[in-house]
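Asker:
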Amino acid sequence: KRIRLRDNHITSLGALALAEGLNNNMVLESLDLRNNYVSDLGVKYLALSIINSNLKTLNLESNEITTEGAHYLAQMLKNNQTLTDLYLSKNHLGDRGVEWLTNVLNHGKKNYQDQEYTEFAGFRRGRDQFEDEPRTGRPKTAVTPENIEAVRELVDIDPHITCQQIADTLQIGSAPTEIILHDYLGLKKATCR
1 KRIRLRDNHI TSLGALALAE GLNNNMVLES LDLRNNYVSD LGVKYLALSI INSNLKTLNL
61 ESNEITTEGA HYLAQMLKNN QTLTDLYLSK NHLGDRGVEW LTNVLNHGKK NYQDQEYTEF
121 AGFRRGRDQF EDEPRTGRPK TAVTPENIEA VRELVDIDPH ITCQQIADTL QIGSAPTEII
181 LHDYLGLKKA TCR
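According to full-length UniProt numbering, the sequence shown holds residues 1 to 193 in order.
1) Check whether the Cβ atoms of L55 and L31 lie closer than 8 Å to each other.
2) Going by DSSP, what residues sit across from T169 in a beta bridge?
3) Thinking C-alpha only, which one of D85, L187, L73, D158 is nearest N103?
4) Starting from A3, follow the beta strand (DSSP E) in both directions and report where the run begins and ends.
5) State the beta-bridge partners of N25 as determined by DSSP.
6) Within 10 Å of its beta-carbon, does H182 have 16 or more other beta-carbons around it, so buried, or fewer, so exposed?
7) Buried or exposed for D95, please, with buried defined as at least 16 other CB atoms from any protein chain shown within 10 angstroms of its CB.
8) Going by DSSP in three states, P176 sits in which element: helix, strand or coil?
9) When the Cα atoms are used, what is the spatial distance from L170 to T66?
10) Could you check which residue in T11, N52, Y45, Y37 has the C-alpha nearest to that of L28?
11) What does a CB cutoff of less than 6 Å around E61 pick up in its chain, not counting 5 residues either side in sequence?
12) Tell me the DSSP secondary structure of S89 in three-state form.
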């Protein structure tokens, strides 16, 4: 009934494999993927696979999710009848992403009215925007705009550079390097294996 895969360096590719396994799964009730690298593309795969599931809890804290991923989740929430707990803290949802989610919750089904979303608790503590809070234990290997630009520059300088050379040069690890190459720069044939 539960799958806990937190802190496993799962990327969008791993999320795709997981989504394929979860498609039409009526047994799983809780999926914990916090502290991974699922990203927006991975959220898209997962959201499509759990629309018609019995999943009650989904934890995607600290997964490099942006406004785009929030949109996929909002679309899923419009049709999902069972999800009651969704955790998205320590992501980059942005104002628009939060707007999409709150619109679904405010105009959606009654069973969402009592849910607590950890992002909104931040506003009660005085926050006025959604930016990623500093956190210990999270490597600098995250997929950030700075890292994306640095990878792009290295590839522009040397189109034959290997994924491992990029990871070593920037000290960001092979998993985020592969995500940047595939998901952000569109280099589908590059691999870090």
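Where a beta carbon is used, it is the ideal one built from N, C-alpha and C, also for glycine.
Answerer: By the coordinates alone:
1) yes
2) DSSP output for T169 lists no bridge partner at all.
3) L73
4) Here residue 3 turns out to be Ile, not Ala, going by the sequence shown. Where I3 is concerned, the enclosing beta strand (DSSP E) stretches over 2-4.
5) According to DSSP, N25 bridges with nothing at all.
6) buried
7) exposed
8) helix
9) 23 Å
10) N52
11) R34, Y87, S89, K90
12) coil
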